[in-house]
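Undergrad:
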Amino acid sequence: MISNIMAVIIAIGAAAGGAVGGYLIRRSLSAKQLDSSERLSERIIGEAKKEADNIKKEAMLQAKDYLLKVKADFESETRERRIELENLEKRLRSKEENLDKRMDVLVQKESEFEHREKALLRKDADVQLKQQELERLIRGQQERLEKIAGITADEAKNFLIQSMAAEAKHDAAVTIRNIEDETKREAVKKARGIIASAIQRYAADYVAENTVSVVPLPSDEMKGRIIGREGRNIRAIEAATGTDLIIDDTPEAVVLSSFDPIRREIARIALERLISDGRIHPGRIEDIVTKVKLEVEQLICETGKEVCFDVGIHDVHAELVVLLGKLKYRTSFSQNVLQHSLEVAHMTGMMAAELGMNIREAKRAGMLHDIGKAVDYEVEGTHAAIGADYAKRFGEAENIVNAIAMHHDDGRSNTILGVLVQAADSLSAARPGARKEMLETYIRRLNDLERIARSFAGVENCYAIQAGREIRILVENERISDNDIVMLSRDIIKKIESELTYPGQIKVTLIRETRLSDYAR
Numbered sequence: 182m183i184s185n186i187m188a189v190i191i192a193i194g195a196a197a198g199g200a201v202g203g204y205l206i207r208r209s210l211s212a213k214q215l216d217s218s219e220r221l222s223e224r225i226i227g228e229a230k231k232e233a234d235n236i237k238k239e240a241m242l243q244a245k246d247y248l249l250k251v252k253a254d255f256e257s258e259t260r261e262r263r264i265e266l267e268n269l270e271k272r273l274r275s276k277e278e279n280l281d282k283r284m285d286v287l288v289q290k291e292s293e294f295e296h297r298e299k300a301l302l303r304k305d306a307d308v309q310l311k312q313q314e315l316e317r318l319i320r321g322q323q324e325r326l327e328k329i330a331g332i333t334a335d336e337a338k339n340f341l342i343q344s345m346a347a348e349a350k351h352d353a354a355v356t357i358r359n360i361e362d363e364t365k366r367e368a369v370k371k372a373r374g375i376i377a378s379a380i381q382r383y384a385a386d387y388v389a390e391n392t393v394s395v396v397p398l399p400s401d402e403m404k405g406r407i408i409g410r411e412g413r414n415i416r417a418i419e420a421a422t423g424t425d426l427i428i429d430d431t432p433e434a435v436v437l438s439s440f441d442p443i444r445r446e447i448a449r450i451a452l453e454r455l456i457s458d459g460r461i462h463p464g465r466i467e468d469i470v471t472k473v474k475l476e477v478e479q480l481i482c483e484t485g486k487e488v489c490f491d492v493g494i495h496d497v498h499a500e501l502v503v504l505l506g507k508l509k510y511r512t513s514f515s516q517n518v519l520q521h522s523l524e525v526a527h528m529t530g531m532m533a534a535e536l537g538m539n540i541r542e543a544k545r546a547g548m549l550h551d552i553g554k555a556v557d558y559e560v561e562g563t564h565a566a567i568g569a570d571y572a573k574r575f576g577e578a579e580n581i582v583n584a585i586a587m588h589h590d591d592g593r594s595n596t597i598l599g600v601l602v603q604a605a606d607s608l609s610a611a612r613p614g615a616r617k618e619m620l621e622t623y624i625r626r627l628n629d630l631e632r633i634a635r636s637f638a639g640v641e642n643c644y645a646i647q648a649g650r651e652i653r654i655l656v657e658n659e660r661i662s663d664n665d666i667v668m669l670s671r672d673i674i675k676k677i678e679s680e681l682t683y684p685g686q687i688k689v690t691l692i693r694e695t696r697l698s699d700y701a702r
């Protein structure tokens, strides 16, 4: 506002200065017209003064109007601020009153909490006293009960635990039995039908093999020629073939022994050719053995191709074909592994056909399931793991690899194809006459089987039958109930699996009967 007033005054001064300046200029320009101009100048000066007075008055009026307007605005703003401050002060007083009320409530509650805490402490002390009194009474009652019952509390507790455990075991046996009966109704019928169909459709001859080979001689004189001067011929044969030659009192026969059936076969063929040729010396022995090795390798390859063609599997890697051929010279419990693999392949294909699965895929898995036995004496690990590794390495499908790896598994993590291979493997190995054991080992296994069964309480008698493939156990009906039989059979099976080594599987049958005899008079 002051700056506006100053601007008006400066404007007035500027106007007056301009008028005076004009006057001086006109006076200096024309001295001659000074007289005539003085009047004009006076008149102009008078007009300028009047104009300046008018401008000044207008400026003063404008300044007064502006000051009045500013004053009115200031008073209005001040009035609004005052009202706002009054409202704010009222709210603050209201909040302060509320806080005071809340503070009073908190103080009151704090006082109540202190009273409650003191009451709780008193009650806690009373409870502790009552608990001590109760414990004393319980101990007295417990001592009286122990005297009356004649047993201690620990003995009573153990008795209760045993009774509860027996009851829980009984309930578990009932549940297991019901579940097994329920699931076996349909599953057993279908499984028996499939397996029986596969067994009926497939029949194969069995040929027992040993870890030794016998080479016939035309005469006993040939033994001396085979031994050679100072034993050089027999040493050369053993060094070239990696087998042991056993020359004893057996007439017209030489025995070849080796853990490697391929070496034994090479030695047998080479020795037969040396005997028929008649020229037996270290150089000739090395030549014959070298030729026979090449022939046996060729025969192994041809055998692998032949079995693949017979089974109907194609696109098998050359290395896997060679491994299949080597199985011809590999035995397991005197059962030829190649013949066993053929049986498993055909049975797996038959069961797959019954289930509507891929027959070629099933035959392929069955044919390759024991491929690891061709090299398990060279590579560390189980034949299932070795076979799966080789199959995966040489491009077999994932389900084939899994079936090979899991064909000796318990079935919990197996696939359908793996279960079929596992079943066919058990059928081929467990059928009568498939595998052969030493008589002493056989008798010892039967005795151990009956001994394990008799070691359980409640077993009256037991008999190992079916060449050790089944054991029948007679239990005492007074001590063993129908539900207890379920748990007893599982315990016997676990002990057999942990203590015995046997091919295939053993069936455990428990028999419980009630006999009643009376007389008619």
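Residue numbers (the working numbering): 182 to 702.
For glycine and all other residues, C-beta sits at the position ideal for the given N, C-alpha and C.
(1) Determine the closest residue to ARG671 out of HIS462, TYR683 and ILE687, with distance taken between C-alpha atoms.
(2) Please work out which residues of its chain come closer than 8 Å, Cβ to Cβ, to ALA572, disregarding the five sequence neighbours upstream and downstream, and give them in chain order.
(3) Count Cβ pairs between the segment 658-672 and the segment 346-361 that sit closer than 8 Å; are there 3 or more?
(4) So, at 7 Å on beta carbons, what are the nonlocal neighbours of LYS676 in its own chain, with the 5 sequence-adjacent residues on each side left out?
(5) Identify the residues that DSSP records as bridge partners of ALA645: which are they?
(6) Starting from THR471, follow the alpha helix (DSSP H) in both directions and report where the run begins and ends.
(7) Considering only residues of the same chain and omitting the five flanking positions on each side of LEU655, which have a CB-CB separation below 6 Å?
(8) Decide if ILE329 is buried, meaning its Cβ has at least 16 other Cβ atoms within 10 Å, or exposed.
(9) By how many angstroms is the C-alpha of ASP362 removed from the C-alpha of THR690?
(10) With a 10 Å radius around its C-beta and 16 neighbouring C-beta atoms as the bar for buried, classify VAL492 as buried or exposed.
(11) Along the beta strand (DSSP E) that carries ILE427, what are the first and last residues, could you check?
(12) For ASN628, which option in GLY423, GLU651 and SER607 has the closest C-alpha, if you only look at C-alpha atoms?
(13) Going by beta-carbon coordinates alone, are ARG444 and GLY423 separated by less than 7 Å?
(14) Less than 8 Å between the CB atoms is what I'm expecting for ILE407 and ILE428, so what's the real figure, rounded?
(15) Can you check which of these residues, GLU577, MET587 and ILE540, is closest to THR563 by C-alpha distance?
(16) Compare the beta carbon distance of ALA526 and LYS544 with 7 Å and say whether it is the shorter of the two.
(17) Using DSSP with H/G/I as helix, E/B as strand and the rest coil, what is THR695?
(18) State the beta-bridge partners of ALA434 as determined by DSSP.
(19) Grab me the residues of MET619's own chain with a C-beta within less than 8 Å of its C-beta, minus the 5 sequence neighbours each way, in chain order.
(20) Hey, would you say ALA605 sits closer than 7 Å to THR529, going by beta carbons?
(21) Since GLU657 is in the alpha helix (DSSP H), which residue starts that stretch and which ends it?
(22) With H, G and I counted as helix, E and B as strand and the rest as coil, what does DSSP make of ALA615?
(23) Hey, could you find the ends of the alpha helix (DSSP H) HIS564 is sitting in?
(24) Just verifying my parser: in three-state terms, what is the DSSP assignment at THR682?
(25) What is the residue span of the alpha helix (DSSP H) that THR422 lies within?
(26) Distance, Cα to Cα, SER609 vs GLU524?
(27) For a test of the three-state rule: what should DSSP assign to TYR387, helix, strand or coil?
(28) Mind checking who LYS688 pairs with in its DSSP beta bridge?
(29) So what's VAL556 in DSSP terms, helix, strand or just coil?
(30) Suppose you measure from the CA of GLY639 to the CA of CYS482; what does that come to, to the nearest Å?
(31) Looking at VAL470: is its Cβ nearer than 7 Å to the Cβ of ALA451?
(32) Give me, in chain order, the residues of the same chain whose beta-carbon lies closer than 7 Å to that of ASN658; leave out the 5 immediate sequence neighbours on both sides.
(33) Excluding the 5 residues flanking VAL497 on each side, which residues of the same chain have their C-beta closer than 6 Å to its C-beta?
(34) How would you label ILE646, buried or exposed, when you count the other beta carbons within 10 angstroms and need 16 or more for buried?
(35) Which residues in the same chain have their Cβ closer than 6 Å to the Cβ of THR682, if we skip the five residues on either side of it in sequence?
(36) Let me know the secondary structure DSSP gives THR596 once reduced to three states.
TA: Checking against the coordinates, here is how it stands:
(1) Here residue 671 is taken as the residue at index 490 of the sequence shown, counted from 1. When only C-alpha atoms are compared, the closest one is ILE687.
(2) As a working note, residue 572 is residue 391 in the sequence shown. Same-chain partners within the cutoff: LEU501, LEU549, ILE552, ILE581, VAL582 and ILE585.
(3) yes
(4) The residue you call residue 676 lines up with position 495 of the sequence shown. ILE633.
(5) Counted from its first residue, the sequence shown places residue 645 at position 464. Answer is ILE652.
(6) Walking along the sequence shown from the start, residue 471 turns up at place 290. Looking at the DSSP string, the run of the alpha helix (DSSP H) that includes THR471 is 463-492.
(7) In the sequence shown, counting from the first residue as 1, residue 655 sits at position 474. So the list reads GLU641, ASN642 and ILE692, once near-sequence residues are dropped.
(8) Along the sequence shown, read from residue 1 onward, the residue named residue 329 stands at position 148. ILE329 comes out exposed.
(9) Mapped onto the sequence shown, residue 690 falls at position 509. Mapped onto the sequence shown, residue 362 falls at position 181. Those two C-alpha atoms are separated by around 15 Å.
(10) For this step, residue 492 is matched to residue 311 along the sequence shown. The residue in question, VAL492, is buried, as its Cβ has 16 or more Cβ neighbours within 10 Å.
(11) The residue labelled residue 427 in the question sits at position 246 within the sequence shown. Element bounds for ILE427: 425-427.
(12) On the sequence shown, residue 628 is found 447 positions in, with the first residue counted as 1. The option with the nearest alpha carbon to ASN628 is GLU651.
(13) If you number the sequence shown from 1, residue 444 lands on position 263. If you number the sequence shown from 1, residue 423 lands on position 242. Going by C-beta atoms, ARG444 is nearer than 7 Å to GLY423.
(14) Within the sequence shown, numbered from 1, the residue matching residue 407 stands at position 226. Within the sequence shown, numbered from 1, the residue matching residue 428 stands at position 247. Between ILE428 and ILE407 the Cβ distance is about 7 Å, and since that is below 8 Å, they are a contact.
(15) For the purposes of this step, residue 563 is identified with residue 382 of the sequence shown, where counting begins at 1. It is MET587 whose Cα lies nearest to the Cα of THR563.
(16) Locating residue 526 in the sequence shown gives position 345, counting from the first residue. Locating residue 544 in the sequence shown gives position 363, counting from the first residue. Judged by their CB atoms, ALA526 and LYS544 are nearer to each other than the 7 Å cut-off.
(17) Along the sequence shown, read from residue 1 onward, the residue named residue 695 stands at position 514. Of the three classes helix, strand and coil, the one that applies to THR695 here is coil, per DSSP.
(18) Locating residue 434 in the sequence shown gives position 253, where the first residue counts as 1. According to DSSP, which records beta bridges pairwise, ALA434 is partnered with PRO397.
(19) Locating residue 619 in the sequence shown gives position 438, counting from the first residue. With a pLDDT of 46 at MET619, under the threshold of 50, the modelled position of this residue cannot be trusted; read the value that follows with caution. Around MET619: no qualifying Cβ.
(20) As a working mapping, residue 605 is identified with position 424 in the sequence shown. As a working mapping, residue 529 is identified with position 348 in the sequence shown. In this structure, THR529 lies closer than 7 Å to ALA605 by Cβ.
(21) As a position in the sequence shown, residue 657 is number 476, starting the count at 1. It is not in any alpha helix (DSSP H) - GLU657 carries neither H nor E in the DSSP assignment.
(22) For this step, residue 615 is matched to residue 434 along the sequence shown. Note on ALA615: pLDDT 49, under 50, position unreliable in the model; the coordinate value appears next. The answer is coil: DSSP assigns ALA615 none of H, G, I, E or B.
(23) The sequence position of residue 564 within the sequence shown is 383, counting from 1. From DSSP, the alpha helix (DSSP H) with HIS564 extends over 564-574.
(24) For the purposes of this step, residue 682 is identified with residue 501 of the sequence shown, where counting begins at 1. In the structure shown, THR682 sits in coil (DSSP, three-state: anything other than H, G, I, E or B).
(25) What you label residue 422 is simply residue 241 of the sequence shown in a count that begins at 1. Note, THR422: alpha helix (DSSP H), 413-422.
(26) Your numbering for residue 609 matches position 428 in the sequence shown. Your numbering for residue 524 matches position 343 in the sequence shown. Approximately 6 Å, taken between the alpha carbons.
(27) The sequence position of residue 387 within the sequence shown is 206, counting from 1. Unreliable placement is indicated for TYR387, whose pLDDT of 42 sits below 50; the coordinate value is still reported in the next sentence. Coil, per DSSP.
(28) One-based indexing of the sequence shown puts residue 688 at position 507. DSSP output for LYS688 lists GLU651 as bridge partner(s).
(29) The count along the sequence shown starts at 1 and reaches residue 556 at position 375. Residue state, collapsed to three classes: coil.
(30) Here residue 639 is taken as the residue at index 458 of the sequence shown, counted from 1. Here residue 482 is taken as the residue at index 301 of the sequence shown, counted from 1. Cα-Cα distance, rounded: 58 Å.
(31) Along the sequence shown, read from residue 1 onward, the residue named residue 470 stands at position 289. Along the sequence shown, read from residue 1 onward, the residue named residue 451 stands at position 270. Their beta carbons are under 7 Å apart, which means VAL470 touches ALA451 by this criterion.
(32) In the sequence shown, counting from the first residue as 1, residue 658 sits at position 477. Counting only Cβ-Cβ distances below 7 Å, and skipping sequence neighbours, we find ARG693, GLU694 and THR695.
(33) The count along the sequence shown starts at 1 and reaches residue 497 at position 316. Closer than 6 Å at the Cβ level, and outside the excluded window around VAL497, lie CYS489.
(34) On the sequence shown, residue 646 is found 465 positions in, with the first residue counted as 1. Label assigned to ILE646: exposed.
(35) Position 501 of the sequence shown holds residue 682. Contacts found: none.
(36) Sequence index remark: in the sequence shown, residue 596 carries index 415 (1-based). Coil, per DSSP.
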